[in-house]
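**Q** Here it is, the structure in full.
Numbering (the UniProt record's numbering), first residue to last: 1 to 161.
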């Protein structure tokens, strides 16, 4: 497959996941997440020829995404507070202010995690398989499972405060 066609396929397949992962890193800031996602795919294009097939291409793209988001966070050391207006308005009879508060609190609790914890939980929420996450973060699958358990316990305690 030629490079352009492969890139187009990768972009179509992975862009939504990359964007959601970036939004998780940036407290739901859609503009910043879109900028970082664009940067991710610039890097994918530039380094596509050097991909070594040591992992799946999706895992490689997620690693680039995590690194790019961390670089953005270091550059923009000012952290934004989560505001309820950042979340979409949903016209639904099941929607309540209480749910909005819980979602906001969960985002705030995720932001309190260390970088590794944040990276892991955002990939779990994205639905990635544990073996893929383990490859991205450089842990064994068993160690990852223990970390995920501890992260979930920590988030549960944080949200209940």
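Just so you know, even glycine gets a beta-carbon here, dropped at the ideal spot from N, CA and C.
Small disclaimer: the values here were computed from a predicted structure and weren't measured.
With DSSP as the reference, label residue 140 as helix, strand or coil.
**A** coil
**Q** Pick out the complete beta strand (DSSP E) segments inside the UniProt domain "RNA polymerase sigma-70 region 2" (10-77), 3 residues or longer, and give them in chain order.
**A** Counting whole runs of 3 or more residues, the UniProt domain "RNA polymerase sigma-70 region 2" (10-77) contains no beta strand (DSSP E) stretch at all.
**Q** Compute the beta-carbon to beta-carbon distance between residue 48 and residue 7, rounded to the nearest angstrom, for a pair I have assumed lies under 8 Å.
**A** 6 Å
**Q** Note the first and the last residue of the continuous alpha helix (DSSP H) segment covering residue 1.
**A** Here residue 1 belongs to no alpha helix (DSSP H), and DSSP marks it neither H nor E.
**Q** Is the shortest distance between the beta-carbon of residue 29 and the beta-carbons of chain D less than 7 Å?
**A** Within the model displayed, chain D is absent; a lone protein chain is all it includes.
**Q** Using 8 Å for Cβ pairs, my map puts residue 69 next to residue 22. What's the rounded Cβ distance?
**A** 6 Å
**Q** Inspect the CB distances between the region 101-115 and the region 145-157 and report whether three or more fall short of 8 Å.
**A** yes
**Q** Would you identify the three-state DSSP class for residue 113, choosing helix, strand or coil?
**A** In the structure shown, residue 113 sits in coil (DSSP, three-state: anything other than H, G, I, E or B).
**Q** Secondary structure at residue 119, three-state DSSP: helix, strand or coil?
**A** helix
**Q** Determine contact between the region 140-154 and the region 57-67, defined as no fewer than three beta-carbon pairs at a distance below 8 Å.
**A** no
**Q** Can residue 102 be considered in contact with the ligand ZN, in the sense that its beta carbon sits closer than 6 Å to one or more heavy atoms?
**A** The ligand ZN is not part of the structure shown, which contains no ligands of any sort.
**Q** Do you know how far the Cα of residue 116 is from the Cα of residue 1?
**A** 35 Å
**Q** Relative to the C-alpha of residue 41, which residue among 53, 9, 28 and 27 is closest?
**A** Closest option to residue 41, Cα to Cα, is 9.
**Q** With distances taken between CB atoms, is the gap from residue 135 to residue 37 smaller than 7 Å?
**A** no
**Q** Excluding the 5 residues preceding and the 5 following residue 18 in the sequence, name in chain order all residues of the same chain whose CB lies nearer than 7 Å to its CB.
**A** Excluding residues up to 5 positions away in sequence, 37, 40, 61 and 65 lie with their Cβ nearer than 7 Å to the Cβ of residue 18 in the same chain.
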